[in-house]
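Residue numbers (the UniProt record's numbering): 1 to 154.
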(Lines of atoms letter the chains of each structure in order from A and count residues from 1; the text may use other names and numbers.)
(Lines give C-alpha, C1' and ligand atoms only; values in the text may rest on other atoms or scores of the structure.)
Protein backbone atom coordinates (compact mmCIF):
# COMPACT_ATOMS: atom_id res chain seq x y z
CA UNK A 1 0.00 0.00 0.00
CA UNK A 2 1.24 3.49 -0.86
CA UNK A 3 1.34 5.89 2.06
CA UNK A 4 0.06 9.46 1.95
CA UNK A 5 3.67 10.64 2.33
CA UNK A 6 4.71 8.62 -0.75
CA UNK A 7 1.77 10.03 -2.71
CA UNK A 8 2.80 13.59 -1.86
CA UNK A 9 6.44 12.89 -2.69
CA UNK A 10 5.54 11.24 -5.99
CA UNK A 11 3.16 14.10 -6.88
CA UNK A 12 5.92 16.63 -6.20
CA UNK A 13 8.47 14.65 -8.21
CA UNK A 14 6.02 14.38 -11.12
CA UNK A 15 5.29 18.12 -10.92
CA UNK A 16 8.99 18.98 -10.82
CA UNK A 17 9.62 16.77 -13.85
CA UNK A 18 6.73 18.38 -15.76
CA UNK A 19 7.94 21.90 -14.92
CA UNK A 20 11.55 21.06 -15.81
CA UNK A 21 10.47 19.67 -19.18
CA UNK A 22 8.30 22.74 -19.79
CA UNK A 23 11.11 25.12 -18.83
CA UNK A 24 13.73 23.43 -20.99
CA UNK A 25 11.46 23.06 -24.00
CA UNK A 26 10.25 26.67 -23.70
CA UNK A 27 13.83 27.88 -23.53
CA UNK A 28 14.74 25.85 -26.60
CA UNK A 29 11.67 27.07 -28.50
CA UNK A 30 12.41 30.67 -27.53
CA UNK A 31 15.91 30.47 -28.94
CA UNK A 32 14.69 29.42 -32.39
CA UNK A 33 15.20 32.08 -35.09
CA UNK A 34 11.47 32.28 -35.92
CA UNK A 35 10.49 35.04 -33.47
CA UNK A 36 10.92 38.10 -35.67
CA UNK A 37 7.37 39.47 -35.75
CA UNK A 38 6.47 38.54 -32.16
CA UNK A 39 8.12 36.89 -29.17
CA UNK A 40 6.82 33.70 -27.56
CA UNK A 41 4.66 35.47 -24.96
CA UNK A 42 3.14 37.69 -27.62
CA UNK A 43 2.54 34.62 -29.75
CA UNK A 44 0.66 33.01 -26.85
CA UNK A 45 -1.77 35.95 -26.90
CA UNK A 46 -2.13 35.77 -30.69
CA UNK A 47 -2.64 31.99 -30.53
CA UNK A 48 -5.24 32.25 -27.76
CA UNK A 49 -7.23 34.73 -29.85
CA UNK A 50 -6.82 32.63 -33.01
CA UNK A 51 -8.14 29.51 -31.25
CA UNK A 52 -11.38 31.28 -30.32
CA UNK A 53 -11.60 33.16 -33.63
CA UNK A 54 -13.76 35.86 -32.08
CA UNK A 55 -13.21 39.01 -30.04
CA UNK A 56 -12.42 38.25 -26.40
CA UNK A 57 -12.37 40.11 -23.11
CA UNK A 58 -8.94 40.39 -21.52
CA UNK A 59 -9.98 38.15 -18.61
CA UNK A 60 -10.80 35.41 -21.12
CA UNK A 61 -7.49 35.89 -22.93
CA UNK A 62 -5.70 35.76 -19.58
CA UNK A 63 -7.07 32.28 -18.88
CA UNK A 64 -5.13 31.02 -21.92
CA UNK A 65 -1.76 32.64 -21.24
CA UNK A 66 0.86 32.71 -18.49
CA UNK A 67 0.70 36.44 -17.80
CA UNK A 68 -0.66 38.53 -14.95
CA UNK A 69 -3.53 40.89 -15.75
CA UNK A 70 -1.32 44.02 -15.66
CA UNK A 71 1.34 42.38 -17.86
CA UNK A 72 -1.33 41.22 -20.32
CA UNK A 73 -2.84 44.72 -20.46
CA UNK A 74 0.55 46.24 -21.27
CA UNK A 75 1.22 43.57 -23.89
CA UNK A 76 -2.16 44.12 -25.53
CA UNK A 77 -1.39 47.86 -25.68
CA UNK A 78 1.89 47.10 -27.47
CA UNK A 79 0.25 44.62 -29.85
CA UNK A 80 -2.47 47.15 -30.71
CA UNK A 81 0.19 49.83 -31.34
CA UNK A 82 2.06 47.42 -33.64
CA UNK A 83 -1.15 46.66 -35.54
CA UNK A 84 -1.42 42.98 -34.53
CA UNK A 85 -4.55 43.42 -32.38
CA UNK A 86 -7.60 45.65 -32.53
CA UNK A 87 -9.87 46.81 -29.71
CA UNK A 88 -13.63 47.17 -29.87
CA UNK A 89 -16.43 47.90 -27.43
CA UNK A 90 -18.34 44.88 -26.16
CA UNK A 91 -21.80 45.15 -27.77
CA UNK A 92 -23.35 43.49 -24.68
CA UNK A 93 -21.56 45.70 -22.14
CA UNK A 94 -20.51 49.16 -23.26
CA UNK A 95 -18.04 49.39 -20.35
CA UNK A 96 -16.07 46.35 -21.49
CA UNK A 97 -13.45 46.18 -24.22
CA UNK A 98 -12.85 43.23 -26.52
CA UNK A 99 -9.66 42.46 -28.42
CA UNK A 100 -9.27 40.55 -31.65
CA UNK A 101 -6.59 39.76 -34.17
CA UNK A 102 -6.10 42.26 -36.96
CA UNK A 103 -5.44 40.95 -40.46
CA UNK A 104 -1.71 41.46 -39.80
CA UNK A 105 -2.06 39.66 -36.47
CA UNK A 106 -3.71 36.71 -38.21
CA UNK A 107 -0.85 36.56 -40.73
CA UNK A 108 1.82 36.69 -38.01
CA UNK A 109 0.03 34.08 -35.92
CA UNK A 110 -0.30 31.70 -38.89
CA UNK A 111 3.34 32.05 -39.94
CA UNK A 112 4.72 31.70 -36.42
CA UNK A 113 2.27 28.90 -35.70
CA UNK A 114 3.49 26.81 -38.62
CA UNK A 115 7.14 27.26 -37.64
CA UNK A 116 6.51 26.74 -33.93
CA UNK A 117 4.39 23.66 -34.67
CA UNK A 118 7.30 22.13 -36.60
CA UNK A 119 9.64 22.89 -33.67
CA UNK A 120 7.22 21.25 -31.22
CA UNK A 121 6.88 18.20 -33.45
CA UNK A 122 10.64 17.90 -33.65
CA UNK A 123 11.11 18.26 -29.89
CA UNK A 124 8.44 15.68 -29.07
CA UNK A 125 9.61 13.14 -31.64
CA UNK A 126 11.22 11.19 -28.76
CA UNK A 127 7.73 10.12 -27.68
CA UNK A 128 5.80 7.37 -29.43
CA UNK A 129 2.30 8.25 -30.70
CA UNK A 130 0.78 6.27 -27.81
CA UNK A 131 2.89 8.27 -25.34
CA UNK A 132 1.80 11.56 -26.90
CA UNK A 133 -1.82 10.43 -26.60
CA UNK A 134 -1.27 9.52 -22.95
CA UNK A 135 0.50 12.82 -22.24
CA UNK A 136 -2.41 14.70 -23.77
CA UNK A 137 -4.92 12.64 -21.78
CA UNK A 138 -3.10 13.22 -18.49
CA UNK A 139 -2.64 16.95 -18.96
CA UNK A 140 -6.26 17.33 -20.09
CA UNK A 141 -7.36 15.49 -16.95
CA UNK A 142 -5.42 17.99 -14.82
CA UNK A 143 -6.95 20.92 -16.71
CA UNK A 144 -10.47 19.58 -16.38
CA UNK A 145 -10.05 18.95 -12.65
CA UNK A 146 -8.90 22.55 -12.09
CA UNK A 147 -11.74 23.91 -14.20
CA UNK A 148 -14.26 21.85 -12.23
CA UNK A 149 -12.86 23.29 -8.97
CA UNK A 150 -12.77 26.89 -10.23
CA UNK A 151 -15.45 29.24 -8.93
CA UNK A 152 -18.04 30.28 -11.50
CA UNK A 153 -17.44 33.69 -13.06
CA UNK A 154 -20.21 36.02 -14.15
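Glycine included, each C-beta is placed from N, C-alpha and C at the ideal position.
Taking the Cα positions, residue 107 is about 46 Å away from residue 7.
Residue nearest to residue 43 within the set 12, 98, 114 is 114 (criterion: CA-CA distance). Listed in chain order, the beta strand (DSSP E) elements of length 3 or more contained wholly in the UniProt domain "HTH marR-type" (11-144) are 85-90, 93-101. With contact defined as three or more Cβ pairs closer than 8 Å, the segment 123-141 and the segment 46-66 are not in contact. By the neighbour-count definition (other C-beta atoms within 10 Å, threshold 16), residue 145 is an exposed residue. In the three-state reduction of the DSSP assignment, residue 148 falls in the helix class.
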